[in-house]
Amino acid sequence: VLAELEIQKPDLVIVGSYSPYPFTEAQWVEGSARVFERLAAAAGAVLVVPGTPSLGFDGPGCVVRNLSATGEIDRSACVAVDRVPMVAPVTGYLERAVARFDNVHLLDLTELVCPGGLCSAIDENGIVVFRDSQHLTDSFVRAKIPEILRRIKTIGVPGFEQQ
Numbered sequence: 008v009l010a011e012l013e014i015q016k017p018d019l020v021i022v023g024s025y026s027p028y029p030f031t032e033a034q035w036v037e038g039s040a041r042v043f044e045r046l047a048a049a050a051g052a053v054l055v056v057p058g059t060p061s062l063g064f065d066g067p068g069c070v071v072r073n074l075s076a077t078g079e080i081d082r083s084a085c086v087a088v089d090r091v092p093m094v095a096p097v098t099g100y101l102e103r104a105v106a107r108f109d110n111v112h113l114l115d116l117t118e119l120v121c122p123g124g125l126c127s128a129i130d131e132n133g134i135v136v137f138r139d140s141q142h143l144t145d146s147f148v149r150a151k152i153p154e155i156l157r158r159i160k161t162i163g164v165p166g167f168e169q170q
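Read in order, the letters of the sequence shown are residues 8 to 170 in the numbering used here.
Below, the structure written as structure tokens:
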């Protein structure tokens with residue numbers, strides 16, 4: 008993939024990450040930096056999205072189990088409070104690797120997924136956040152597009168100034 012990107016020279020490459028990989032701090036920082044170095048040379052800009060917290064339980068299952076007879080849900084029944092610290096170290100490692108390159112940017116979406124450090128199966132607008140214990144639903148992500156674009160503009164990714 009890296010070799011093909013070096014040939015194609017795209018304007019933007021978006022790279023996602025997954026926090027539970029059992030790498031050491033040095034492996035995260037240095038290994039990521041090696042990949043980012045090639046991407047930075049190949050692309051106009053690189054956007055790195057660290058892994059967001061997982062829920063730790065089946066989100067839709069929890070929602071269904073906690074629906075009232077009238078179709079209302081007690082959102083507090085499907086909340087995890089301890090998930091953000093699980094991804095924070097890797098986000099920091101990626102941030103350190105990204106800092107070495109002018110055209111590589113970090114887009115941390117943790118606060119969108121788990122506002123105030125609380126990960127919930129359903130958001131404040133009634134949208135189901137997780138389609139299982141770790142994957143975000145399409146409807147949740149689509150609802151967050153305006154905020155994601157605002158954040159991309161804020162961090163200065165070229166090409167998003169006029170969006």
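Every residue gets a Cβ at the ideal spot worked out from N, C-alpha and C, and that includes glycine.
Pairing GLU154 with PRO122, the inter-Cα distance amounts to about 13 Å. For LEU114, no alpha helix (DSSP H) segment is defined, and its DSSP state is neither H nor E. The closest CA to that of ASP109, considering only SER61, GLY68, PHE137, PHE43, is found on PHE43.
Looking at the backbone, the Cα of MET93 and that of TYR28 are separated by about 11 Å. A check of alpha carbon separations from ASP89 across CYS69, LEU62, ALA10 identifies LEU62 as the nearest.
In this structure, LEU119 lies away from LYS160, with their beta-carbon atoms at least 9 Å apart. ARG138 and VAL55 have their alpha carbons spaced roughly 23 Å apart. A direct Cα-Cα distance of roughly 37 Å separates GLU37 from CYS85.
Annotated three-state conformation of ILE21 is strand, per DSSP. The DSSP-derived three-state label of VAL86 is strand.
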